[in-house]
Amino acid sequence: MRVHDLSAGEAVLARVHDVAREAAVLYGLRDAEVTLINVSENATYRIDDPATGERRVLRVHRLGYHAAPAILSELAWLEALRREAGVRTPEVIPAPGGERVLTVPGAQPRHCVLFEFLPGAEPSRDDALVAGFGRLGALTARMHRHTRAWRPPAWFTRFHWDHDAALGAESRWGRWQEGMGVDEQAGAVLGRLDAELRGRLRRFGRGPERYGLIHADLRLANLLVTGDGEPSVIDFDDCGFGWHLYDLAAALSFIEHDPRVPELVDSWLRGYRTVAPLSVEDEAEVWTFVMFRRLLLVAWIGTHTGVEIAAELGAAYTEGTCELAERYLSGAL
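Note that full-length UniProt numbering gives residue 269 to position 269 of the sequence shown, counting from 1, and the numbers run on in steps of one.
Here you go:
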């Protein structure tokens, strides 16, 4: 099939796949098998080297989302976490010339990063999930404790996940008003939710005990669990400055309606407190951050209709968000 016979999305993915193949060559893996794992903000590929039998992971970055200094900053933190806080993160594999961020040339140059392939699987949503959230809470607290003490390089730069960046003037993932299924009725409910979130977050404040460098996407798909139950953390592409409790909200992404959510939250909080303190005032705002993340995902689904999970959730996710919003606004959550 010729590229001009493809849909726009398929044509873009075909070009990205060509970039992945070229990147493999530049990494010295000319004969490697390049297999797409998933597409979200970026495209992620499995690289299998027949010469050595080794497997790696290649990330081809979305155009215009992160400049090279921001990607290098991400890599600096995930490596510091592994080295200084004992958090299992993937090692970065430099290119033969030493580049940690490899830029594949072309009409639209693309940044790429090669990682080691970590063992494990995404946590199952079975009966063990509640206990797993306790381990995740403790792990998250270790990450937050590290960032409070860590001195990043002078060139370190990452964006923020405050209200303005997520839902306001910047709306990094798009406007929730343009989400799937946001009609006049849904817009009215979500508008009230947005206003309430903006006010509560402003009153909550951005003091260093509540706000700092976070992973910002600790959902189940970004965790790998092996036999010992301790999760490895992958995909720091969205890491940036935000509220610590946002990491809990992100962990509940797409499962906010699960009847076990109160148990999951309690388990996460107990685990967190085994490592770092969390005030009663902080705990009282957990659902503020769950709804903040949920509204942001309504916007994300609206601008990522070509991503499998976004297409699967669609307008039904907006409808569910309105139901949760009514409960949140009435104080029932």
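Every residue gets a Cβ at the ideal spot worked out from N, C-alpha and C, and that includes glycine.
| query | result |
| --- | --- |
| Inter-stretch contact (C-beta, 8 Å, three-pair minimum) for the region 115-123 and the region 248-268 | no |
| Residue 95 in three-state terms, based on DSSP | coil |
| Rounded distance between the beta-carbons of residue 285 and residue 198, thought under 8 Å | Not quite, the Cβ-Cβ distance comes to about 13 Å (not below 8 Å), so this is no contact. |
| C-alpha gap between residue 5 and residue 16, whole angstroms | Note that residue 5 has pLDDT 45, beneath the 50 cutoff, so the model's placement of it is unreliable and no number is given. |
| Residue 179 vs residue 302 beta-carbon contact at 7 Å | yes |
| Range covered by the alpha helix (DSSP H) that runs through residue 69 | 68-84 |
| Beta carbon of residue 70 nearer than 7 Å to that of residue 150 | no |
| Assigned secondary structure, residue 222 (DSSP; H/G/I helix, E/B strand, else coil) | helix |
| Alpha helix (DSSP H) runs wholly inside the region 7-74, at least 4 long, in chain order | 8-26 |
| Residue interval of the beta strand (DSSP E) (run including residue 256) | Per DSSP, residue 256 belongs to no beta strand (DSSP E) and is neither H nor E. |
| Those runs of the beta strand (DSSP E) which lie wholly inside the region 99-178 and span at least 3 residues | 102-104 and 110-116 |
| Cβ-based neighbour list, residue 159, same chain, cut-off 6 Å, excluding 5 preceding and 5 following | 240 |
| According to DSSP, residues forming a beta bridge with residue 307 | None, per the DSSP bridge assignment. |
| Straight-line gap, residue 88 to residue 235 (C-alpha atoms, nearest Å) | 12 Å |
| Residue 85 vs residue 142 beta-carbon contact at 7 Å | yes |
| Terminal residues of the alpha helix (DSSP H) in which residue 279 lies | Unbroken run through residue 279: none, as it is neither H nor E. |
| Contact check, residue 23 vs residue 112, beta carbons under 7 Å | yes |
| Residue span of the alpha helix (DSSP H) that contains residue 231, given as start and end | Careful: residue 231 lies outside any alpha helix (DSSP H), inside the beta strand (DSSP E) at 231-233. |
| Where residue 236 sits in the DSSP three-state scheme | coil |
| Three-state secondary structure assigned by DSSP to residue 264 | helix |
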